[in-house]
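Shown next, in structure tokens, is the structure this report addresses.
In my numbering, the protein residues as written are 63 to 287.
Here it is as structure tokens:
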């Protein structure tokens, strides 16, 4: 076969090492030799001797789903082979988590990760249920984390002198060492007079980085059961 479709740009080459790599801008490849974890329904192709098993979220995950209608539904992938993961043609990125690191990320942006990473569901400090119930997944340990983002993300440095304010619907995640709180930027009166309506943002201060996506709205999609 000939044509642009069969050029080297699109042709998959054999994996050179186990673990996670970015196959292209919209897809992550994982060369499995043991076990890894991925979002349920994100596997688009695989080859080799692999088994896929639905993984429970635990009590914390069940609480999060009950409160917000969202969750981090995972599957374990075990065996030896290669699998490719994607989520609605969103852009893919890999984060290396080292011992002592802590990366807080919105569950909707998690695609796959090494089984050596630990994660927990946490409420964003300063943004409890009364503030919209902002829940995130906190990753620690050592390994690689595959993320998806609608568009190209912005990585904004945060310092004690220059805190950063982000729209709660746009934030992807942030690094350890940052403190969070809700910040009101406008009064109700100013919004009624035609203000932007950005009444509440998440303020991050300290020393680290915050990642945001170039969109503050999420399309309404049917719930998956």
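Quick reminder that beta carbons are idealized off the backbone N, C-alpha and C, glycines included.
By DSSP, does residue i sit in helix, in strand, or in coil?
i	result
residue 134	coil
residue 169	helix
residue 66	helix
residue 265	strand
residue 237	strand
residue 77	coil
residue 164	coil
residue 85	strand
What residues in its chain sit with their C-beta under 8 Å from that of residue i, if we drop five residues either side in the sequence?
i	result
residue 112	94, 139, 140, 141, 142, 143 and 145
residue 245	227, 262, 263, 264 and 265
residue 274	215, 216, 218, 228, 229, 232, 233 and 234
residue 156	82, 83, 84, 90, 206, 207, 208 and 209
residue 104	147, 148, 149, 173 and 174
residue 76	none
Tell me which residues share the same chain as residue i and place their Cβ nearer than 7 Å to its Cβ, disregarding the 5 neighbours each side in the sequence.
i	result
residue 221	269
residue 200	164, 166, 181, 182 and 184
residue 205	159, 175, 176, 178 and 179
residue 168	198, 233, 234 and 235
residue 109	143 and 144
Given that a residue counts as buried once 16 or more other Cβ atoms are within 10 Å of its Cβ, and exposed if not, what is residue i?
i	result
residue 171	buried
residue 235	buried
residue 176	buried
residue 212	buried
residue 152	buried
residue 49	The first residue shown for the chain is 63 and the last is 287, placing residue 49 beyond what the model contains.
residue 131	Reliability fails at residue 131, whose pLDDT of 42 lies under 50, so the model's placement of it is uncertain and no value is given.
residue 96	exposed
residue 240	buried
residue 242	buried
residue 67	exposed
residue 74	exposed
According to DSSP, residue i sits in a beta bridge with which residue or residues?
i	result
residue 158	206
residue 117	136
residue 144	93 and 109
residue 290	This structure gives no information on residue 290, because the portion of the chain shown stretches from 63 to 287.
residue 101	136
Short of 6 Å in beta carbon distance, which residues of its chain neighbour residue i, apart from the five on each side in sequence? Order them along the chain.
i	result
residue 148	88, 89 and 106
residue 161	204
Next item on the list: Identify every run of the beta strand (DSSP E) within the segment 172-231, keeping only runs that are complete inside it and at least 3 residues long; order them along the chain.
Entry: 172-176, 179-185, 197-203, 205-211, 216-220 and 226-228
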